[in-house]
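Taken in sequence, the protein lines are chains A and B. FYI, this note's numbering numbers position 176 of the first sequence as 176, with every residue one higher than the one before it. FYI, this note's numbering numbers position 3 of the second sequence as 3, with every residue one higher than the one before it.
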Amino acid sequence: MAIFGSDVHRVKADVAVIGGGTAGLNTAIAAAEMGADVLIVDKAHIQRSGAIAGGIDHFFAYLNTGEKWDTRDAYLAYVAKVARGAANMKIHEKVLCDELVPAMERIERMGVSLRQPDGKIMRTQALGQPGPYAINFDGKFLKPKMAMAVKKKHIRVLNRVQVSNLYLHEGEFAGFSGYDVRNGDFYEIEAKAVVIATGNTNRMFKSQTGNPFNLWYCPANTGDLHRAAFDAGVELANVEYIRMTVVPKGFSAPGFNAFFGMGGKFVNGLGMEFMKNYHPMGDKAPRNMMVWGALQEVRAGRGPIYIDVRHLSPKDLAHLFSTLGTDKDTLPEFLTAKGYSREGAMIEMTVSEPMQARPSELCGSGIKIDETCASNVPGIFAAGDASDQMGCLNMCVAGGYAAGKHAARYAATVNYNRPFKSKALADEHKRVFAPLMRKTGIAPGEFENIVRIITTDNFGPYKSEISLTSAIAKLDALDRYRDELKANNLHELMRCHEAMNIQSVAKIVAHAALARKESRFPPYHYRSDHPETNDNDWCGLVVVRRDGAKGVATRFERLPYAA
Amino acid sequence: MPAVIDKGKCNGCELCALYCPLDVIHMEEGMAVVKYPDECWHCGACRQDCAHGAITFQFSPAMLGV
Ligand SMILES: Cc1cc2nc3c(=O)[nH]c(=O)nc-3n(C[C@H](O)[C@H](O)[C@H](O)COP(=O)(O)OP(=O)(O)OC[C@H]3O[C@@H](n4cnc5c(N)ncnc54)[C@H](O)[C@@H]3O)c2cc1C
Ligand code: SF4
Ligand code: SF4
């Protein structure tokens, strides 16, 4: 076998972006426009990496058309209502509202129109929105177009490099390490500022068909940098929430807002609509309530659940199928392979796998940021799904750009690169490649499966102090197998590190969930021992931080909302 | 089996192997191979990028059966 890691590269930049997905590419563009020397590092290839690899179809925005729900104020009132206790309104204004118009213009400049072929803007309503905020558009090639925009700016990119750890110098960011998952080269990267944009954590809970890659969100996002940032002393927030959605039975694909936006009806096994029993907005309720309703119907023995689209007009059905395929390229043919007619059918649905991610479309879950997208550690910024305040296309494009501006501004004030210790890098080199050196051991998939059984049994999604405490003990006990993980090649090596990161994030999530002694966004945080939402005591963020070698410290930060 | 490559149509351009977000497709002897079929996300990026129509999808019995 080749000796991996014998080639070590040292690379320097002003601003480094970890994760060249939706947010990260906009971050890089912003920082480059500010004059910074920028480097993007992605574990896949930025042409197609991350959540929107195969396409995307909705952009949420208010457009000031004169309707009373279509203003900045009305939109913010909606955020405050629907994401109460998770969205920081001041940050939301900065990372979304202030950046929204330029974000939409940037997408169109990249060559992706937000309009229908006839030039009109088509908007639909779902997810608790007071009006149709969701612009339907063809974003099938949005990711390659973003990558093209990055290329045009001559921004340097390291593709297929999985970032493994972050390093500080006297409390400030110094650099990070990673390795090439295709050739085994080791990278030491020095930068004045870093923006972490690595998405949420997937593969953390059992999936509907048992295959951990049959997921709604991108299975390549495995919390690698949530873990590394946490270990470096970065605070995380909103991580107690477990996000789920309603997906077609058999295939965890998105499409939910398209179905309901077009007027699909959610019905139970008896053919009865049920959402009005759970939320006054019925099938246009916030996502967590749709999931809650579905879970309750199935629990009560009224499953399976379906989306009925038989009443839609042929024109609407044609539009629906084409958007389904824009968001998830392979979904229309899956539905056909299952035998559903495109002339309308009752499509069987189910609740998707849980994941570590935002409890609402209007906030994030992960690295805690301030109004400048900065974390508590000087030099470390975050953007997109990886941050505690951003999520969805609109915020990733808008807020990703904001993060790039702020990181570049910060980098300009740093007059020299902080040194990072060669001992730490030597240790990391050894740690990274260790699974390749073992002659026998445990496969990463087996380790990951154990994590998924523990999480799903104890907090996927229902949880209590007893179940969470039990989960933490079991996840901690799993540590003993970390030194037995074995990889037969570089691809498996990446999977080994992902497996360990998923386990680490699962522990952090369980600790955060233990701290929040109420329920919020049920079932995303449903504590059976504290089933009510308690705004008096818990309207705000549970902030988690590393405490010593193994511990997790939590604190509560209240979020203010106008009455 | 998820993404499936028709060897007769593949001309070895490498695009699918270069871009697959899950590192599922690798080149072997000048030909694209779906090396980790169980890890395919069914995102369809490879099919969109293949100018030779060499990639199709086959859904697993679990996906179609449940
Ligand atoms: C199929 C699908 C459809 C969606 N549809 C919509 C929609 O219509 N409208 C909407 O508003 N939102 C939608 N969303 C949500 C939206 O797409 C995401 O919120 C957004 O794209 C996330 O962007 P991001 O940059 O935070 O993460 P991503 O775009 O996922 O980028 C994360 C990047 O980090 C990289 N990475 C991960 N770990 C490492 C590591 N260790 N080292 C280096 N790189 C790493 C990954 O390869 C990836 O490129 C959809 C999501 C999915 C999955
Ligand atoms: S993109 Fe198509 S032609 Fe090119 S290597 Fe892949 S399968 Fe072959
Ligand atoms: S569908 Fe997506 S994940 Fe599957 S092989 Fe193609 S590019 Fe890779």
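In this text, a Cβ means the ideal position worked out from N, Cα and C, and glycines have one as well. Please read these numbers as outputs of a predicted model, since none were measured by experiment.
- Could you tell me which of Gly171(A), Ala134(A), Phe186(A) sits nearest to Gln162(A), measuring between CA atoms? Phe186(A)
- Since Lys249(A) meets chain B, which of its residues come closer than 7 Å, beta carbon to beta carbon? Val66
- For a contact meaning CB atoms closer than 7 Å, what does Ser49(A) contact in chain B? Pro21
- Message: Are there any heavy atoms of ligand 4 lying less than 7 Å away from the beta-carbon of Leu63(A), as far as the coordinates show?
- Response: The ligand content of the structure shown is limited to ligand 1, ligand 2 and ligand 3, which means ligand 4 is not among them.
- Task: Using the DSSP secondary-structure output, state which residues sit across from Asn136(A) in a beta bridge.
- Result: Among the bridge pairs identified by DSSP, Asn136(A) is matched with His58(A), Met122(A).
- Message: For a cutoff of 8 Å on Cβ pairs, would you count Met1(A) as touching chain B?
- Response: Its pLDDT being 47, under 50, Met1(A) is placed unreliably by the model, and the measurement read from it follows with that caveat. False, the Cβ-Cβ gap to chain B never drops below 8 Å.
- Mind listing which residues have their beta carbon within less than 6 Å of any non-hydrogen atom of ligand 2? Chain order is fine. Ile5(B), Cys10(B), Asn11(B), Gly12(B), Cys13(B), Glu14(B), Leu15(B), Cys16(B), Ala32(B), Asp49(B), Cys50(B), His52(B), Ala54(B), Ile55(B)
- Message: Count Cβ pairs between the stretch 351–371 of chain A and the stretch 237–257 of chain A that sit closer than 8 Å; are there 3 or more?
- Response: yes
- Based on Cα-Cα distance, which residue from Leu436(A), Tyr416(A), Phe420(A) lies nearest to Gly566(A)? No information on residue 566(A) is available, as it lies outside the stretch 1 to 563 that chain A covers here.
- Task: Output yes if chain A places a C-beta closer than 8 Å to the C-beta of Ala32(B); else output no.
- Result: no
- Message: Bridge partners for Ile367(A) per DSSP, in chain order?
- Response: Leu236(A), Ser387(A)
- Query: What does Pro219(A) touch in chain B if you count any residue whose Cβ is under 9 Å from its own?
  - Reply: Residues of chain B whose Cβ lies closer than 9 Å to the Cβ of Pro219(A) are, in chain order, Pro21, Leu22, Glu39, Trp41.
- Item | Strand pairing of Gly128(A), partner residues [DSSP] | None; Gly128(A) has no bridge partner.
- Item | Pair within 8 Å by beta-carbon distance, Cys43(B) and Pro21(B) | yes
- Task: For the alpha helix (DSSP H) holding Pro332(A), just list the boundary residues, first then last.
- Result: 331–337
- Measure from the C-beta of Asp567(A) to each C-beta in chain B and report whether the shortest distance is under 8 Å. In the structure as shown, chain A starts at 1 and stops at 563, and residue 567(A) therefore has no counterpart that could be examined.
- Item | Under 7 Å by beta carbon: chain A residues contacting Gly44(B) | Gly54, Asp329, Thr330
- Task: Taking only heavy atoms of ligand 3 into account, decide whether any of them is closer than 7 Å to the Cβ of Val181(A).
- Result: no
- Along chain B, which residues have their Cβ under 8 Å away from the Cβ of Met494(A)? In chain order: Asp23.
- Message: Strictly below 7 Å CB to CB, what residues from chain A border Met27(B)?
- Response: Ordered by position in chain A, no residue passes the 7 Å Cβ test against Met27(B), which lies about 10 Å from the chain.
- Query: What do you reckon, is the C-beta of His26(B) under 7 Å from a heavy atom of ligand 3?
  - Reply: No, since every heavy atom of ligand 3 falls outside the 7 Å radius drawn around the Cβ of His26(B).
- According to the neighbour-count rule (16 or more other Cβ atoms, all chains shown, within 10 Å of its Cβ), is His58(A) buried or exposed? buried
- Message: Would Thr209(A) pass as an interface residue toward chain B - the criterion being a Cβ-Cβ separation below 8 Å?
- Response: yes
- Task: List the endpoints of the continuous alpha helix (DSSP H) containing Gln503(A).
- Result: 490–515
- Message: For Pro248(A), report the span of its beta strand (DSSP E) as first-last.
- Response: 246–248
- Item | beta strand (DSSP E) segment containing Thr455(A), residue limits | Run containing Thr455(A): none in the beta strand (DSSP E); it sits in the alpha helix (DSSP H), 444–459.
- Message: Within a Cβ cutoff of 7 Å, which residues of the same chain sit near Trp69(A), ignoring the five residues on either side of it in sequence?
- Response: When the five nearest sequence neighbours on each side are left out, the beta carbons in the same chain lying within less than 7 Å of the beta carbon of Trp69(A) are those of Pro130, Gly131, in order along the chain.
- Item | Chain-order list of residues whose beta-carbon lies under 8 Å from that of His52(B) (same chain, five-residue window excluded) | Hits under 8 Å: Lys9, Cys10, Asn11, Cys13.
- Going by DSSP, what residues sit across from Val181(A) in a beta bridge? DSSP lists no partner for Val181(A).
- How close, in whole Å, do the beta carbons of Val41(A) and Val15(A) come, if the pair is a contact with beta carbons under 8 Å? So it is not a contact: roughly 12 Å between Cβ atoms.
- Task: Return yes when the C-beta of Tyr217(A) is under 7 Å from any heavy atom of ligand 1, and no when it is not.
- Result: yes
- Within 10 angstroms of the Cβ of Gly210(A), are there 16 or more other Cβ atoms? Answer buried if so, exposed if not. exposed
- Output yes if chain A places a C-beta closer than 8 Å to the C-beta of Ala54(B); else output no. no
- Under 8 Å, do His45(A) and Asn200(A) count as touching if we go by C-beta distance? No, Cβ-Cβ distance for His45(A) and Asn200(A) is not below 8 Å.
- Alpha carbon to alpha carbon, what distance is there between Glu343(A) and Val509(A)? 43 Å
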